[in-house]
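A.B. asks: Sequence order for the protein chains is C and R.
Quick note on the working numbering: the first sequence kicks off at 1 and runs consecutively.
Quick note on the working numbering: the second sequence kicks off at 287 and runs consecutively.
By construction, the Cβ of each residue, glycine as well, lies at the ideal position given by its N, Cα and C atoms.
Source: prediction; values computed, not measured.
For reference, the structure I am asking about is given below.
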Amino acid sequence: MDAFFHLTLNGLATGMLLFLLAVGLTLIFGLMHILNFSHGALFSWGAYVGTWVYLTTGSFFLGLLGALVAGVLLGWVVERFVVRPVQGKGLAQILITLGALLVLSEFIKVVWGPHQVSVQPPAYLSGSWEIGGVVVVKYRLFLILVGLGVFFGLKALLQRTRLGLVVRAGVQNRDMVQALGVNIGRVFLFVFVLGSALAALGGALFAPFSGVIYAEMGIEYALYAFLVVVIGGMGSVTGSVLAALLVGLVGAYMNYLVPEAALAVNMLLMAVVLLFRPVGLFGARG
Amino acid sequence: MRRSARRAVWLAGGLLLLALPLLVESRSWLLLLTQIFLFAVYAMSYDLLLGYTGIVSFGHALFFGLGAYAAGIVMQRIEASLGALLLALVLSAVLCAAVSYAVGALTLRLKSHFFAMFTLALSGLFLVVAEKWRSLTMGNDGFAFSVPEWLRGREAMYWLSLGFLAAMYALLRRIVASPFGTVLVAIRENEARAAALGYQVHHYKVLSCVIAGVIAGWSGAFHALALRFVNTSVFSVDVTLDALLMTIVGGAGTLIGPILGAALIELAHHGLADLANTHWIFERWIIFFGLVYILAVRFFPQGIVGTVQRWGRARSLRGMPPQPVSKGVGRAVETVGDERSVGNG
Numbered sequence: 001m002d003a004f005f006h007l008t009l010n011g012l013a014t015g016m017l018l019f020l021l022a023v024g025l026t027l028i029f030g031l032m033h034i035l036n037f038s039h040g041a042l043f044s045w046g047a048y049v050g051t052w053v054y055l056t057t058g059s060f061f062l063g064l065l066g067a068l069v070a071g072v073l074l075g076w077v078v079e080r081f082v083v084r085p086v087q088g089k090g091l092a093q094i095l096i097t098l099g100a101l102l103v104l105s106e107f108i109k110v111v112w113g114p115h116q117v118s119v120q121p122p123a124y125l126s127g128s129w130e131i132g133g134v135v136v137v138k139y140r141l142f143l144i145l146v147g148l149g150v151f152f153g154l155k156a157l158l159q160r161t162r163l164g165l166v167v168r169a170g171v172q173n174r175d176m177v178q179a180l181g182v183n184i185g186r187v188f189l190f191v192f193v194l195g196s197a198l199a200a201l202g203g204a205l206f207a208p209f210s211g212v213i214y215a216e217m218g219i220e221y222a223l224y225a226f227l228v229v230v231i232g233g234m235g236s237v238t239g240s241v242l243a244a245l246l247v248g249l250v251g252a253y254m255n256y257l258v259p260e261a262a263l264a265v266n267m268l269l270m271a272v273v274l275l276f277r278p279v280g281l282f283g284a285r286g
Numbered sequence: 287m288r289r290s291a292r293r294a295v296w297l298a299g300g301l302l303l304l305a306l307p308l309l310v311e312s313r314s315w316l317l318l319l320t321q322i323f324l325f326a327v328y329a330m331s332y333d334l335l336l337g338y339t340g341i342v343s344f345g346h347a348l349f350f351g352l353g354a355y356a357a358g359i360v361m362q363r364i365e366a367s368l369g370a371l372l373l374a375l376v377l378s379a380v381l382c383a384a385v386s387y388a389v390g391a392l393t394l395r396l397k398s399h400f401f402a403m404f405t406l407a408l409s410g411l412f413l414v415v416a417e418k419w420r421s422l423t424m425g426n427d428g429f430a431f432s433v434p435e436w437l438r439g440r441e442a443m444y445w446l447s448l449g450f451l452a453a454m455y456a457l458l459r460r461i462v463a464s465p466f467g468t469v470l471v472a473i474r475e476n477e478a479r480a481a482a483l484g485y486q487v488h489h490y491k492v493l494s495c496v497i498a499g500v501i502a503g504w505s506g507a508f509h510a511l512a513l514r515f516v517n518t519s520v521f522s523v524d525v526t527l528d529a530l531l532m533t534i535v536g537g538a539g540t541l542i543g544p545i546l547g548a549a550l551i552e553l554a555h556h557g558l559a560d561l562a563n564t565h566w567i568f569e570r571w572i573i574f575f576g577l578v579y580i581l582a583v584r585f586f587p588q589g590i591v592g593t594v595q596r597w598g599r600a601r602s603l604r605g606m607p608p609q610p611v612s613k614g615v616g617r618a619v620e621t622v623g624d625e626r627s628v629g630n631g
């Protein structure tokens, strides 16, 4: 029972991190029909910038802020100079973001060196509480709360603001939105930058969670994020949070029972979804 | 006249390559050329998918690795003989055909993004399996194995690889020139239209995927035989990236392009590895390749061979009466696959 609770909390925390990474992917895909492979690199960049700021200033929240700023800047650069020039050019737009992923990931090693960096959560978030006989690791609870906050914030943005209305309409039919006089290019840029910033935030939050960061982690976690996006349905925020929690929980339980099969079971989950419901569990359209 | 001249160039080049081991003493150069031949086959197999059919795979290393492990395990567990070598090639073909069929049947019906993602994730899975299944693969340490007596010399491996490249080039040329290959190009140019003409588009795509998988598996098998060693690096993202770079830089939608691309990229690997001793920035060679790749996709989507062919065509057209221009070659990256033309509901 204790182990079960422990694993569940761990799975939910991992799931929330995956959600931060996947929600940008799913929105960018839903709106722009671009599979953004460079998203994984933003995750690594967020982790490195966040950790660097955190370790130099000593403030964890300044670190998170730094990661957000880095995500915004890099997202802008990638959208402006890599993605936009190949908009609507078929295969080129699938191919090009992979190049951006490689260059950005490798550039981390130029700036911070090729070695792993270890990092601990700040004092007020480390350790754990014991509530009624079960141990609750503070940092994991913190991750879950942040994830929920971002989810409800995004929901409010999408459902309650005019910008959110345009984004939702763009996911449904971008040509129509453009025909109605909305500068869809600017909305693309906004969504791309927002998604990149959230991925970077996810990376910065991930660093104290795993304890070590390395340049290739972006590619690794991007794989999980792709699973989440496919299972949840491209373009759906609710889908991506539920799928992320599902993938996180399955990963945590399998890691405990049969560690070798953790990724395989999630792959199988994706294969089943692709086979029976290719639009994803919560996707309205493909 | 032009045709016979071209044939003479081919013949001279082929003879030169055949005679090279007798002229060149350096064993490292022979090994490098062997690698180029094998990666050329691997890149051509990828080009059948990307350049001819317009399918983007981000997990081609999967087949390369399967072939490499098939060869290594058969050689190590059974015996180093010609029979075992043939068995390894058959085993590699069966494994690659089964996996590529399953992947293709599952995801090629959907939009191109799904295939790209699925292959990326699956090759990641195979890498993890190869690392964890230590009793079979020895994990990241890998294992060395012996090869048949007659294959031990560098020259023998060189000639075998050259023959393999020639055979696969001839085979793929036949395939892309056949009615089947024409349908693949039609799918690349306009999938909805090919389907409307009555072709079972899905079957053609799956078959293209299977052929590419099997040939990539063989190139992996020969790669392992040439090194007499195999470890998990054969499944790495770098190997997939090599296929992409070689095909796109060389020229997608041509068969010579990937061969040229393989030569360039392998030489660059080699050269940059030497330069790494002079300045640390050259250790980060992926940055250079990534930038070249981005620039190639953006500004030279037809690659070297495609661009040269276009110049050649423009020049030959100037002095001649107008004639129909084949528009197929090298356009894959540029134009195809607008997701709105293919719906999956």
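At a Cβ cut of 7 Å, what residues of the region 190-211 of chain C count as close to chain R, listed as they run along the chain?
C.D. replies: Listed by position, the residues of the region 190-211 of chain C near chain R (Cβ gap below 7 Å) amount to none.
A.B. asks: State whether the region 237-257 of chain C contacts the region 79-94 of chain C, with contact taken as three or more CB pairs (one from each stretch) at a distance under 8 Å.
C.D. replies: They do not touch, by the three-pair rule.
A.B. asks: With DSSP as the reference, label residue 152 of chain C as helix, strand or coil.
C.D. replies: Reduced to three states, the DSSP call for residue 152 of chain C is helix.
A.B. asks: Just grab the DSSP bridge partners of residue 130 of chain C for me.
C.D. replies: According to DSSP, which records beta bridges pairwise, residue 130 of chain C is partnered with C:135.
A.B. asks: Which residues share a DSSP beta bridge with residue 213 of chain C?
C.D. replies: Per DSSP, C:117.
A.B. asks: Quick one, which residues of the region 59-80 of chain C are near chain R if we go by CB-CB under 7 Å, in chain order?
C.D. replies: Residues: none.
A.B. asks: In chain R, which residues lie less than 7 Å from residue 32 of chain C when you measure between Cβ atoms?
C.D. replies: Neighbours of residue 32 of chain C on chain R: none; closest Cβ ~10 Å, over 7 Å.
A.B. asks: So, residue 454 of chain R versus residue 329 of chain R, is the Cβ gap smaller than 8 Å?
C.D. replies: Result no, Cβ atoms of residue 454 of chain R and residue 329 of chain R do not sit closer than 8 Å.
A.B. asks: Hey, out of R:519, R:452 and R:458, whose CA is closest to residue 348 of chain R's CA?
C.D. replies: When each option's Cα is compared against that of residue 348 of chain R, the closest is R:519.
A.B. asks: Give the residues from the region 164-193 of chain C that approach chain R closer than 7 Å (Cβ to any Cβ), ordered along the chain.
C.D. replies: Going along the region 164-193 of chain C in chain order, one finds no residue with a Cβ nearer than 7 Å to chain R.
A.B. asks: Please identify, using Cβ separations under 7 Å, the residues of the region 385-401 of chain R that lie next to chain C, in order along the chain.
C.D. replies: The region 385-401 of chain R vs chain C, Cβ under 7 Å: 392, 393, 396, 397, 398, 399 and 400.
A.B. asks: Output, in sequence order along the chain, the residues in the region 579-603 of chain R whose CB is closer than 9 Å to any CB in chain C.
C.D. replies: So the close ones are 579, 580, 581, 582, 583, 584 and 587.
A.B. asks: Could you tell me if residue 609 of chain R is buried or exposed, where buried requires 16 or more neighbouring beta carbons within 10 angstroms of its beta carbon?
C.D. replies: Reliability of the predicted coordinates at residue 609 of chain R is poor, the pLDDT of 46 falling under 50, and the value obtained from them is presented with this limitation in mind. When all chains shown are included, residue 609 of chain R counts as exposed.
A.B. asks: Just how far apart, CA to CA, sit residue 423 of chain R and residue 517 of chain R?
C.D. replies: In a straight line, the C-alpha of residue 423 of chain R is about 7 Å away from that of residue 517 of chain R.
A.B. asks: Which residue marks the beginning of the alpha helix (DSSP H) containing residue 267 of chain C, and which one marks its end?
C.D. replies: Note, residue 267 of chain C: alpha helix (DSSP H), 262-276.
A.B. asks: Which ranges does the alpha helix (DSSP H) cover as unbroken runs of at least 4 residues, wholly within the region 6-77 of chain C, from first to last along the chain?
C.D. replies: The qualifying runs are 39-57.
A.B. asks: Quick one: list the residues of chain C neighbouring residue 407 of chain R, beta-carbon separation under 8 Å, in chain order.
C.D. replies: Here the neighbours are 223, 226, 227, 267 and 270.
A.B. asks: Alpha carbon to alpha carbon, what distance is there between residue 575 of chain R and residue 108 of chain C?
C.D. replies: Residue 108 of chain C and residue 575 of chain R: Cα-Cα distance of roughly 16 Å.
A.B. asks: The alpha helix (DSSP H) that contains residue 362 of chain R, what's its start and end?
C.D. replies: Where residue 362 of chain R is concerned, the enclosing alpha helix (DSSP H) stretches over 347-363.
A.B. asks: With a threshold of 8 Å between beta carbons, is residue 251 of chain C in contact with chain B?
C.D. replies: Considering every chain present, this structure includes no chain B. Its protein chains are C and R.
A.B. asks: For residue 545 of chain R, I'd like the list of residues in its chain whose CB is within less than 6 Å of its CB, leaving aside the five on either flank, ordered along the chain.
C.D. replies: Cβ neighbours of residue 545 of chain R beyond the five flanking positions: 326.
A.B. asks: Considering only residues of the same chain and omitting the five flanking positions on each side of residue 511 of chain R, which have a CB-CB separation below 6 Å?
C.D. replies: So the list reads 357 and 433, once near-sequence residues are dropped.
A.B. asks: Is the Cβ of residue 349 of chain R closer than 8 Å to any Cβ of chain C?
C.D. replies: It does not; no Cβ of chain C falls within 8 Å.
A.B. asks: Does the beta carbon of residue 219 of chain C sit closer than 8 Å to a beta carbon anywhere in chain R?
C.D. replies: So yes, residue 219 of chain C belongs to the interface.
A.B. asks: Alpha carbon to alpha carbon, how far is residue 404 of chain R from residue 219 of chain C? Give it in angstroms, no decimals.
C.D. replies: Those two C-alpha atoms are separated by around 14 Å.
A.B. asks: Count the other CB atoms, across all protein chains shown, that sit within 10 Å of the CB of residue 17 of chain C; report buried if there are 16 or more and exposed otherwise.
C.D. replies: Buried, since its Cβ has 16 or more Cβ neighbours within 10 Å.
A.B. asks: Grab the span of the alpha helix (DSSP H) containing residue 424 of chain R for me, first residue to last.
C.D. replies: No alpha helix (DSSP H) holds residue 424 of chain R; DSSP gives it neither H nor E.
A.B. asks: Compare the C-alpha of residue 450 of chain R against each of R:409, R:540, R:461 and R:507 and name the closest.
C.D. replies: If we check each option's Cα against that of residue 450 of chain R, R:507 comes out closest.
A.B. asks: Rounded to the nearest angstrom, what separates residue 141 of chain C and residue 256 of chain C at their Cα positions?
C.D. replies: Distance between the alpha carbons of residue 141 of chain C and residue 256 of chain C is about 20 Å.
A.B. asks: Using a Cβ-Cβ cutoff of 7 Å, what residues of the region 99-120 of chain C are near chain R? List them in chain order.
C.D. replies: Under the 7 Å Cβ criterion, the region 99-120 of chain C contributes 99, 100, 102, 103, 106, 107, 109 and 110.
A.B. asks: Kindly indicate if chain C contains any beta-carbon less than 8 Å away from that of residue 344 of chain R.
C.D. replies: So, interface residue.
A.B. asks: Is the CB of residue 572 of chain R under 8 Å away from at least one CB in chain C?
C.D. replies: Yes, residue 572 of chain R counts as interfacial toward chain C.
A.B. asks: Out of R:397, R:300, R:331 and R:290, which one is the CA nearest neighbour of residue 34 of chain C?
C.D. replies: Cα-wise, what sits closest to residue 34 of chain C is R:397.
A.B. asks: State yes or no: is the beta carbon of residue 352 of chain R nearer than 8 Å to at least one beta carbon in chain C?
C.D. replies: Taking Cβ atoms only, chain C never reaches closer than 8 Å to residue 352 of chain R, which makes this a no.
A.B. asks: Going along chain R in order, which residues have a C-beta closer than 9 Å to the C-beta of residue 96 of chain C?
C.D. replies: Result: 579, 580, 583 and 584.
A.B. asks: What number of angstroms, rounded off, separates the C-alpha of residue 563 of chain R from the C-alpha of residue 366 of chain R?
C.D. replies: Approximately 38 Å, taken between the alpha carbons.
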